[in-house]
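Structure first, commentary second.
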Amino acid sequence: MHYEEYWELKRAPFDNVPDPHFYFPSPQHEEGLHRLLYGVEARKGALMLTGEVGCGKTLLSRTLIQHLSHERYDLALVANPSFEVSEFIKEILYQLGVDKSGTKLDMVHALNDHLLQNLNKGRDTVLVVDEAQAIHDVAIFEELRLLLNF
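Oh and the sequence shown: position 83 is 1038 in the working numbering, straight run, nothing missing.
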């Protein structure tokens, strides 16, 4: 018998992937969520959430995504950013639903075009990079900085 059956649980609470369904609004998590929501809604550019291992950063990022209107925001989540810079850009495009490959320049142009289209439609693009400490190609940070120009 699985523990879910024994405890009569409808969902497994300890999955590998954090589920916003199990978000508990502790004062610290609520403050973090409200700061993130404010930063996104006020178009503050880059936001960074830090904390100890296991404190709920990934769950909070998923909860943030769940709180944002998909009509107002175009959302991309890069859950594993340990790529080279071209692969990282390709992953962002994939997460945004843009099917583009080719050279890095081709992909950057496709990303810029997509961002401009969103801007013209009144939509903001939100990129969530989880586990950013896994970024080993420092050129990715420069690409992220350049994306802030939108």
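All C-beta atoms, glycine included, are put in the ideal place defined by N, C-alpha and C.
Asked                                                                                                            : Found
Among Phe1043, Lys1059, Leu1004 and Leu1048, nearest to Glu986 - alpha-carbon criterion                          : Leu1004
Residue nearest to Thr1013 in terms of C-alpha spacing, selected from His957, Glu959, Phe977 and Leu1071         : Phe977
Member of Ile1090, Ala1001, Gln983 and Val1083 whose CA lies at the smallest distance from the CA of Leu1023     : Val1083
Residues near Tyr1122 in its chain [Cβ-Cβ closer than 8 Å; skip 5 each side]                                     : Here the chain covers residues 956 to 1105 and nothing more, so residue 1122 does not appear.
Val972, enclosing beta strand (DSSP E) - first and last residue                                                  : Note, Val972: premise wrong, no beta strand (DSSP E); not H, not E.
Own chain partners of Ser1056 with C-beta closer than 8 Å, once the 5 adjacent residues on each side are dropped : Lys1045 and Met1062
Rounded C-alpha distance that separates Gly1011 from Thr1058                                                     : 37 Å
Cβ pair count under 8 Å reaching 3, the segment 1065–1074 against the segment 1084–1097                          : no
Exposed unless 16 or more other CB atoms sit within 10 angstroms - verdict on Leu1030                            : buried
For His984 and Leu1015, believed in contact at Cβ under 8 Å, the rounded distance                                : 6 Å
Span of the beta strand (DSSP E), counted from its first residue to its last, around Ala1031                     : Tyr1028 to Val1033
Whole-angstrom distance between Glu959 and Asp970, CA atom to CA atom                                            : 12 Å
Backbone secondary structure at Asp1061 - three-state DSSP                                                       : helix
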